[in-house]
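Enquirer: Sharing a structure here in structure tokens format.
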Amino acid sequence: MRAELIAWTAAVLIITYLTWETVSPLITPIFFGIVLAYAAYPIHRRLSGRMGRKKSAAALTVGTVGLGGVVTFELLLISVKVASSFYDSIVDFFDWLMSQPLPPEVLAFLERFSDQLIPRISEYISHETLSLPLYILQLLVFLLTFYHSLAYAEEISKQIHLSLPRKNRELGERILESLNKTLGALVRAWLVLNVIKGILMTFGFLLFGVSDLYTAIVAGFLTFIFSFVPLFEGWMIWLIAAAYFAKKAMYLHAIGIAIYGFFLVSPMPDYTIRPMMVAKDANLDETLVFIGMIGGTWAMGVKGLIIGPIVLNLLLVLLKEWKRLLSK
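This note's numbering numbers the first residue of the sequence shown as 458 and each following residue consecutively.
Below, the structure is given as structure tokens:
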């Protein structure tokens with residue numbers, strides 16, 4: 458009997474390990490597919506009453522595919538433009554620096570540093586360009602997760618509630634309620650803040666004279682869209698504007714749009730305004746949300762921005778339950 462238990466335990470551990478190794482490269486698109494499905498569920502619920510759950514999920518997925526295709530194309534164009542501009546700026550900077558009347562020792566050091574840095578930057582840019590197929594694969598996984606999360610939302614919810622232990626069912630219900638409340642607050646803050654970012658980016662393009670009104674509106678819209686894309690965020694747009702000014706030797710304008718974008722668009726509002734919005738909506742402490750966002754991002758990347766506050770809030774629920782049990 459004991460040998461059988463050991464054998465089954467080893468089999469379960471091996472299968473669990475292999476499953477994690479299979480799924481772990483796709484955790485980020487799966488996670489954001491579930492989060493977006495959660496955000497789109499109110500729309501899906503209304504549409505499903507008219508056209509059915511699967512057709513509603515398919516319609517929302519098709520709309521997301523169209524938007525995802527546009528975003529992917531724009532990301533390709535902008536990434537190539539930014540990478541090329543950044544590389545040219547680095548080369549021009551070192552050429553200018555080497556032409557200055559500096560001591561021979563300093564010039565020799567700069568030359569060695571440049572000989573090592575520029576090839577590494579070129580290699581990094583080439584690697585990022587070749588990673589586009591991986592991004593498309595992640596987008597496909599994201600869309601499939603989004604569709605199935607919507608199409609089978611009711612079944613998933615029922616299975617989660619059925620899996621709660623009978624003995625501590627009340628605690629499980631409180632954990633689910635806390636999870637739903639915190640995730641809802643994070644999603645609402647995400648949407649509202651991204652709209653504000655888009656408006657501020659449009660205003661910034663007009664304020665600093667980057668472009669005309671139409672292009673400024675497009676920049677604001679792309680800021681809103683990119684704020685949903687892991688790793689890109691809204692800083693991509695003001696970085697392009699700053700590179701544009703720097704290439705034209707308009708350095709004050711470049712510094713101005715960079716400071717404006719950094720503090721008002723991305724990333725500063727994500728770690729200042731967003732915690733306040735989430736804390737107010739979910740009745741949490743602002744410091745707790747801030748620590749969750751910073752620590753979560755540090756530990757888990759972009760998805761930690763959402764997971765961090767949720768985990769800390771769930772920890773509070775468990776601590777309160779533990780305190781209640783001790784007081785009996």
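C-beta atoms are modelled at their ideal positions from N, C-alpha and C, and glycine is treated no differently. Predicted model, so just to flag it, every value in this text is computed and none were measured.
Measure from the alpha carbon of residue 485 to the alpha carbon of each residue in 497, 591 and 507, then state which is nearest.
Expert: Cα-wise, what sits closest to residue 485 is 591.
Enquirer: Tell me which residues share the same chain as residue 711 and place their Cβ nearer than 6 angstroms to its Cβ, disregarding the 5 neighbours each side in the sequence.
Expert: Closer than 6 angstroms at the Cβ level, and outside the excluded window around residue 711, lie 699, 702 and 703.
Enquirer: Check for me: the alpha helix (DSSP H) holding residue 635 runs from which residue to which?
Expert: Run containing residue 635: 626-664, per the alpha helix (DSSP H) assignment.
Enquirer: Hey, out of 607, 695, 662 and 600, whose CA is closest to residue 483's CA?
Expert: Checking every option, the nearest Cα to that of residue 483 belongs to 600.
Enquirer: Express the C-alpha separation of residue 593 and residue 587 in angstroms, rounding to a whole number.
Expert: Summary for residue 587: the model assigns pLDDT 49, below 50, so the residue's position carries little reliability, and this model does not support an answer.
Enquirer: Here's the rule: buried if 16 or more other CB atoms are within 10 angstroms of the residue's CB, otherwise exposed. What is residue 717?
Expert: Answer is buried; the Cβ neighbour count reaches 16.
Enquirer: Residue ranges of each alpha helix (DSSP H) run of no fewer than 4 residues wholly in the stretch 727-757, ordered along the chain?
Expert: List check, alpha helix (DSSP H) in window: 730-739 and 743-757.
Enquirer: When you compare the CB positions of residue 695 and residue 658, do they come within less than 8 angstroms of one another, or not?
Expert: Yes, they are a contact pair.
Enquirer: Leaving out the 5 sequence neighbours to the left and right, which residues in its chain are closer than 6 angstroms to residue 760 when beta-carbon positions are compared?
Expert: Around residue 760: 485 and 488.
Enquirer: Touch check for the stretch 649-666 and the stretch 626-633: three-plus C-beta pairs under 8 angstroms?
Expert: No, because fewer than three Cβ pairs between the stretch 649-666 and the stretch 626-633 fall closer than 8 angstroms, the two stretches do not touch.
Enquirer: Tell me the DSSP secondary structure of residue 722 in three-state form.
Expert: Of the three classes helix, strand and coil, the one that applies to residue 722 here is coil, per DSSP.
Enquirer: Let me know the secondary structure DSSP gives residue 498 once reduced to three states.
Expert: Helix.
Enquirer: Note the first and the last residue of the continuous alpha helix (DSSP H) segment covering residue 427.
Expert: For residue 427 there is no data in the structure shown, the boundaries of the chain being 458 and 785.
Enquirer: Measuring CA to CA, which of 667, 684 and 728 is closest to residue 709?
Expert: For residue 709, the nearest C-alpha among the options comes from 667.
Enquirer: Starting from residue 760, trace the alpha helix (DSSP H) both ways and give me its first and last residue.
Expert: Note, residue 760: premise wrong, no alpha helix (DSSP H); not H, not E.
Enquirer: Give me the Cα-Cα distance between residue 565 and residue 549, rounded to the nearest whole angstrom.
Expert: Taking the straight line from one Cα to the other gives about 17 angstroms.
Enquirer: Whose C-alpha, out of 782, 719, 462 and 492, is nearest the C-alpha of residue 636?
Expert: When only C-alpha atoms are compared, the closest one is 492.
Enquirer: Could you check whether the stretch 741-753 touches the stretch 766-773, counting it as contact only if at least three pairs of C-beta atoms, one from each stretch, sit closer than 8 angstroms?
Expert: The stretch 741-753, when compared against the stretch 766-773, does touch it at the 8 angstroms Cβ threshold.
Enquirer: Flag this pair as yes or no: are the beta carbons of residue 510 and residue 608 separated by less than 8 angstroms?
Expert: Result yes, Cβ atoms of residue 510 and residue 608 sit closer than 8 angstroms.
Enquirer: How is the alpha helix (DSSP H) around residue 676 delimited, first residue to last?
Expert: Run containing residue 676: 670-683, per the alpha helix (DSSP H) assignment.
Enquirer: Between the C-alpha atoms of residue 463 and residue 472, what's the straight-line distance to the nearest angstrom?
Expert: Roughly 14 angstroms separates the two Cα atoms.
Enquirer: Can you tell me whether residue 707 is helix, strand or coil according to DSSP?
Expert: Note: residue 707 maps to coil in three-state DSSP.
Enquirer: In three-state terms, what does DSSP make of residue 587?
Expert: Confidence at residue 587 is low in this model, with a pLDDT of 49, below 50, so the placement of that residue is unreliable and no value is reported for it.
Enquirer: So residue 727 and residue 736 are in contact, right, with Cβ under 8 angstroms, and what is the actual spacing, rounded?
Expert: About 14 angstroms separates the two Cβ atoms, so there is no contact after all.
Enquirer: Between 660, 495, 513 and 496, which has its C-alpha nearest residue 503's C-alpha?
Expert: Looking at the Cα atoms, 513 is the closest of the given residues.
Enquirer: On the three-state DSSP scale, how would you describe residue 560?
Expert: Coil, per DSSP.
Enquirer: If you compare alpha carbons, which of 706, 731 and 638 is closest to residue 646?
Expert: Of 706, 731 and 638, the residue nearest in Cα terms is 731.
Enquirer: May I ask you to report which of helix, strand or coil DSSP gives residue 623?
Expert: Here residue 623 sits in coil by DSSP.
Enquirer: DSSP state of residue 667, grouped into three classes?
Expert: Three-state DSSP puts residue 667 in coil, outside helix and strand.
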